[in-house]
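Structure first, commentary second.
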Amino acid sequence: MEIVELLAQAREETGTKEARRLRAAGKVPVSLYGQKTDAAKLVVESREFERIMRGHAGSSFIMKLKVEGRDDTSVIIKEIQRHPLRDHLLHIDLLSVALDEKIVTGIPVRLVGESIGVREGGVMQAGVRELQIEALPTELPEFIEVDVVELNIGQSIHASELKLPESTTLVGNADEVVATVLEPTKLVEPTVEEVLGEGAEGEAAEGEAAEGEAAGGEE
């Protein structure tokens, strides 16, 4: 697995105001966690981080974090926060890892192919977006590819049915639905009898009202 370098700087100040100042300067706040390293508040260049992300399908890849005054640290992405509308980076959490020790992390799921059910009018619905996988950091797949071509309407694929790399182990609920094909949505139109029935009832109601008015006039 390719290990990319991520340059970072230590930051002393924290808080919302400081975070806004950093983002305005083209940078993004970073928090570093891990059992075998001291927690740290860092900052990286937004453009450089986005460049690294564009070269990878998911977030489960290893980076060598280089910070002046600290030993290089192997890290993976724990969480990325983005603006809900503008999609720009708000905050990044990094997790330090030991390359010779297994970790558990979420791996994105990618559905591949057009299913039989979809070709017959069904609707493909994705289930979980990522699965919890245990493996050595160097053996983590960037994504889990799921072939849905043979999936018929009403059928589902569960996590337990996936063929994972031999070096990885599924952790968590094996019954989680990864993908399913739903019945096509049908528009139910009223029958002629229902339409005529409603019209007849309306005419009858109008007739009764007219009779009542006539009866009231006779009095």
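My numbering numbers the first residue of the sequence shown as 1295 and each following residue consecutively. Idealized CB from N, CA, C, for every residue including glycine.
query: Among Glu1408, Asn1467, Lys1358 and Ile1427, nearest to Thr1474 - alpha-carbon criterion; result: Glu1408
query: Residue range of the alpha helix (DSSP H) that includes Val1412; result: Ile1410 to Arg1413
query: Pick from Val1403, Arg1305 and Leu1456 that is closest to Glu1436, judged by C-alpha positions; result: Val1403
query: Proximity of Leu1384 and Val1338 at Cβ, strictly below 8 angstroms; result: no
query: Residue of Pro1431, Leu1405 and Gly1411 minimising C-alpha distance to Thr1583; result: In the structure as shown, the chain starts at 1295 and stops at 1513, and residue 1583 therefore has no counterpart that could be examined.
query: Rounded C-alpha distance that separates Ala1318 from Asn1467; result: 42 angstroms
query: Beta-carbon proximity of Ala1302 to Leu1336, cut-off 8 angstroms; result: yes
query: CB of Leu1388 within 8 angstroms of CB of Ser1368, strictly; result: no
query: Cα-Cα separation between Ile1451 and Thr1308, rounded to whole angstroms; result: 45 angstroms
query: Same chain only: Cβ atoms within 7 angstroms of Pro1478, ignoring 5 sequence neighbours per side; result: Gly1415, Gly1416 and Val1417
query: Same chain only: Cβ atoms within 6 angstroms of Ile1346, ignoring 5 sequence neighbours per side; result: Val1298
query: One or two residues paired with Gln1375 in a DSSP bridge; result: His1385
query: Test item: CB-CB of Gln1426 and Val1465 under 8 angstroms; result: yes
query: Exposure of Thr1331, with buried meaning 16 or more beta-carbon neighbours within 10 Å; result: buried
query: Of the residues Ser1461, Thr1462 and Glu1455, the one placed nearest Asp1469, counting alpha carbons only; result: Glu1455
query: Three-state secondary structure (DSSP) of Lys1396; result: coil
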